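K.L.:
The numbering used here applies: residue 2 is where the sequence shown begins, and numbers increase by one. Just so you know, even glycine gets a beta-carbon here, dropped at the ideal spot from N, CA and C. All of these numbers come straight from a predicted model, not from anything done at the bench. After the structure tokens below, expect a handful of questions from me.
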Amino acid sequence: KGKGGDKGKGDNKGKGGDKGKGDNKGKGGDKDKGRMLRWLQEDGAITTGFSILELETDDLEAEIAALSELEGVTAVEKDGIMHIESMEYQQKLRGGGGVADHIREIQDAIGAATDELPEEDAEAHHGRRLAEETPYGIDMVNASYVWPKTPEMTEPIKICVVDTGYDVTHEDLPKESDGVAGFNNYGQSWSDDGNGHGTHCAGTIGAIGGNGIGVTSVNPDPTKFTFFIGKGLTNSGSGSTAGVIDAVNACVEAGAKVISMSLGGGGYSAIDNASYEDIYDQNVLIVAAAGNSGNSALSYPASYPAVVSVASLTSSGSRSSFSQYNDQVEISGPGSAVKSTVPGNNYDTYSGTSMACPHVAGVAALLWSHFPNCKNNQIRNAMINSSNEPQNQNTPGWDKYYGWGIVNAGNAYELLKNGCEFAGGDSNPPADEGLSYFALGGKDQVVGLPTPAPSPIPPCPGAQERFEVQILTDDWPQETTWTLTDQCGSNGEMMSGGPYSTS
């Protein structure tokens with residue numbers, strides 16, 4: 002498997018890969034045309050999976066065609082561009098228009114609320130908080146219902162945030178002493194978040210609660226989970242598809258169970274789809290932002306079947322105007338004007354499906370820590386089967402705007418108490434299939450709850466009953482039998498007769 006990428010004329014970079022044996026050690030394409038190929042691996046060897054390639058060529062399409070013909074190569078693709086899914090970032094990219102109008106609406110709302118605060122509180126509203134605050138989204142997803150419960154995991158669950166980085170020195174976030182670690186990329190450190198987006202998303206998942214400062218989160222106790230930070234995007238807020246996949250793979254290798262990806266960009270990739278299926282088969286749950294274009298376009302990676310696509314809601318529970326809607330939208334979370342941590346011991350309000358995504362990822366991790374024997378697909382389906390129906394939803398069940406509804410940690414916890422299979426369906430795929438067999442995504446990702454057992458028959462009256470049984474057989478009396486059973490008590494079979502010899 003492989004990806005390729007285009008970083009300008011004569012400097013094309015990307016990924017390539019191989020699912021078999023080959024003897025190519027760094028030469029590729031047509032030597033007569035002077036094409037050069039370098040395998041960006043330390044040992045220069047081709048391995049099963051995918052490899053990153055850098056090509057110096059004036060004809061990228063010809064190189065892709067030549068690479069595709071190599072023995073063992075299953076796919077070659079240009080690398081894509083990924084970016085964060087916050088409205089603030091996309092305002093910078095697009096400027097003006099509907100995005101800017103949306104940002105101004107949020108700023109006006111915040112400004113109006115600030116005008117009503119005392120001067121010292123107004124200052125804290127945009128920067129340092131004077132006391133701990135519970136952002137509205139934490140209550141909307143009903144996370145606090147689960148907090149008093151004791152997790153069954155023997156060690157803290159690991160949550161990975163693939164984003165722009167993480168301010169490991171922030172006063173309200175877990176530190177390296179709490180087990181936080183990460184993956185460096187693009188020549189930048191995971192602990193350096195020059196953008197702020199990654200730190201904001203991480204704060205929604207796991208800002209420290211009960212410390213009297215800043216904000217609380219879906220998982221407020223840093224002794225019950227650990228962070229792994231994948232530097233999937235640069236400090237500018239963008240990156241390559243190859244860089245994102247590298248960060249995701251680092252998360253899996255580090256033992257992460259839930260991966261939160263508040264990013265998107267580019268179109269469908271068969272290689273990426275296969276990569277996410279492989280990760281799903283390893284019992285890892287990936288959650289991603291549905292996209293902020295406000296239209297029905299499919300955004301990736303959220304729209305791959307092995308990824309949970311999260312739509313955004315306002316504080317009133319209605320759909321955020323920017324939230325994309327399509328058949329792969331699976332569940333909803335709070336995403337408009339969400340307050341969380343940003344670098345420098347500060348706090349700020351962002352909007353986007355980027356903000357909705359960590360609410361759902363945080364709930365998934367919270368649930369899984371209490372039901373560690375469940376598989377990823379069962380946690381996924383339990384969130385669907387227990388979600389709240391939005392007030393503004395036009396049709397019951399699934400729709401393209403909200404998916405199956407608003408994630409609700411408390412509801413899902415109670416459902417999972419009945420058992421992983423009861424809440425989330427089967428976890429044993431057919432032979433030669435992995436857990437991704439159950440990953441359909443969006444409107445198709447649902448397993449109905451088992452049919453309830455019938456109500457017990459009411460007890461019989463205390464008085465004894467007398468029965469007279471008259472039998473009239475057909476021409477084959479030897480095939481006739483009957484049984485009278487006491488269904489009200491515990492006596493079982495009361496009378497029986499047959500077979501008979503005469504009619």
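Distance check for Gln392 and Gly404, CA to CA, integer angstroms please.
P.N.:
So the alpha carbons of these two residues sit roughly 13 Å apart.
K.L.:
Are there three or more Cβ pairs, one per stretch, closer than 8 Å when the segment 187-194 is compared with the segment 258-275?
P.N.:
No, the segment 187-194 does not touch the segment 258-275.
K.L.:
What is the rounded straight-line gap between the Cα of Asp476 and the Cα of Gly493?
P.N.:
Spanning the two alpha carbons is a distance of roughly 30 Å.
K.L.:
Among the residues of its own chain, which have a CB less than 7 Å from the CB of Ala251, if the five just before and after it don't count?
P.N.:
Closer than 7 Å at the Cβ level, and outside the excluded window around Ala251, lie Phe184 and Gly231.
K.L.:
If you check the beta carbons only, do Val219 and Thr205 fall under 8 Å apart?
P.N.:
It is a contact, given that the beta carbons lie within the stated cut-off.
K.L.:
Which of the three DSSP states, helix, strand or coil, is assigned to Cys375?
P.N.:
It is coil, neither helix nor strand.
K.L.:
In terms of residues, what are the limits of the alpha helix (DSSP H) holding Gly213?
P.N.:
Where Gly213 is concerned, there is no enclosing alpha helix (DSSP H), given that its DSSP letter is neither H nor E.
K.L.:
So Asp173 and Ile214 are supposed to be a Cβ contact under 8 Å. How far apart are they, rounded?
P.N.:
Sure, about 6 Å apart at Cβ, within 8 Å.
K.L.:
Return the CA-CA distance between Gln62 and Asn186, expressed in angstroms with no decimal places.
P.N.:
First, the residue type needs correcting, since residue 62 is Glu and not Gln in the sequence shown. Glu62 and Asn186: Cα-Cα distance of roughly 27 Å.
K.L.:
Please classify Asp140: is it buried, with 16 or more other beta-carbons within 10 angstroms of its beta-carbon, or exposed?
P.N.:
By the neighbour-count rule (16 or more Cβ atoms within 10 Å), Asp140 is not buried but exposed.
K.L.:
Expressed to the nearest angstrom, what Euclidean distance is found between the alpha-carbon atoms of Glu124 and Tyr348?
P.N.:
With a pLDDT of only 43 at Glu124, under the threshold of 50, the placement of this residue in the model should not be trusted, and no figure is reported.
K.L.:
CA-CA distance, Pro221 and Asp487?
P.N.:
Those two C-alpha atoms are separated by around 55 Å.
K.L.:
His127: buried (16+ other C-beta within 10 angstroms of its C-beta) or exposed?
P.N.:
For His127, the predicted structure reports a pLDDT of 45, less than 50, and the residue's modelled location is therefore unreliable. The matter cannot be settled from this model.
K.L.:
Less than 8 Å separating the beta-carbons of Phe228 and Pro152?
P.N.:
No, the pair does not count as a contact, with Cβ atoms beyond the cut-off.
K.L.:
Any idea what DSSP makes of Gly479, helix, strand or coil?
P.N.:
Checking the sequence, you will find Gln at residue 479 rather than Gly. Of the three classes helix, strand and coil, the one that applies to Gln479 here is helix, per DSSP.
K.L.:
Could you give the DSSP three-state label for Asn196: helix, strand or coil?
P.N.:
In the structure shown, Asn196 sits in coil (DSSP, three-state: anything other than H, G, I, E or B).
K.L.:
Where does Leu507 land, buried or exposed, given buried means 16+ other C-beta within 10 angstroms?
P.N.:
Because the chain in this structure spans residues 2 to 504, residue 507 falls outside the shown range and cannot be described.
K.L.:
Measuring only the C-alpha atoms, how far is Val309 from Gln329?
P.N.:
Going by the C-alpha atoms only, they are around 8 Å apart.
K.L.:
Within 10 angstroms of its Cβ, does Asp418 collect 16 or more other Cβ (buried), or is it exposed?
P.N.:
In the sequence on display, residue 418 carries Lys and not Asp. When all chains shown are included, Lys418 counts as exposed.
K.L.:
May I ask you to report which of helix, strand or coil DSSP gives Asn284?
P.N.:
In the structure shown, Asn284 sits in coil (DSSP, three-state: anything other than H, G, I, E or B).
K.L.:
Have a look at the DSSP bridge pairing and note the partners of Tyr348.
P.N.:
Beta-bridge pairing links Tyr348 to Thr342.
K.L.:
Count the other CB atoms, across all protein chains shown, that sit within 10 Å of the CB of Trp399; report buried if there are 16 or more and exposed otherwise.
P.N.:
With 16 or more Cβ atoms within 10 Å of its Cβ, Trp399 is classed as buried.
K.L.:
Could you tell me the alpha carbon to alpha carbon distance between Gly295 and Tyr326, rounded to whole angstroms?
P.N.:
Between Gly295 and Tyr326, the C-alpha separation is close to 7 Å.
K.L.:
Hey, how far is the Cα of Ser355 from the Cα of Asn293?
P.N.:
Cα-Cα distance, rounded: 9 Å.
K.L.:
So the candidates are Ser352, His198, Asn395 and Cys375; which of them puts its Cα closest to the Cα of Phe323?
P.N.:
Per the Cα distances, Ser352.
K.L.:
On a CA-only basis, which of Asn389, Tyr402 and Glu422 is nearest Glu409? Give me that one, please.
P.N.:
One point to set straight first is that residue 409 is Asn, not Glu, in the sequence displayed. Comparing Cα positions, the closest option is Asn389.
K.L.:
Would you tell me roughly how many angstroms separate the C-alpha atoms of Pro478 and Gly498, rounded to the nearest one?
P.N.:
Distance between the alpha carbons of Pro478 and Gly498: 11 Å.
K.L.:
Entirely within the segment 231-287 and at least 4 residues each: give me those alpha helix (DSSP H) ranges in chain order.
P.N.:
242-254 and 271-282, all fully within the segment 231-287.
K.L.:
Could you tell me which of Tyr402, Glu415 and Met496 sits nearest to Ala291, measuring between CA atoms?
P.N.:
Nearest option by C-alpha distance: Tyr402.
K.L.:
Could you give the distance in angstroms between the alpha-carbon of Phe515 and the alpha-carbon of Leu368?
P.N.:
With the chain represented from 2 up to 504, any question about residue 515 goes unanswered, as that position is not in the structure.
K.L.:
Start and end of the alpha helix (DSSP H) containing Asp164?
P.N.:
Per DSSP, Asp164 belongs to no alpha helix (DSSP H); it is in the beta strand (DSSP E), Ile158 to Asp164.
K.L.:
Could you check what DSSP says for Gly425 in three-state terms: helix, strand or coil?
P.N.:
Gly425 falls in the helix class under three-state DSSP.
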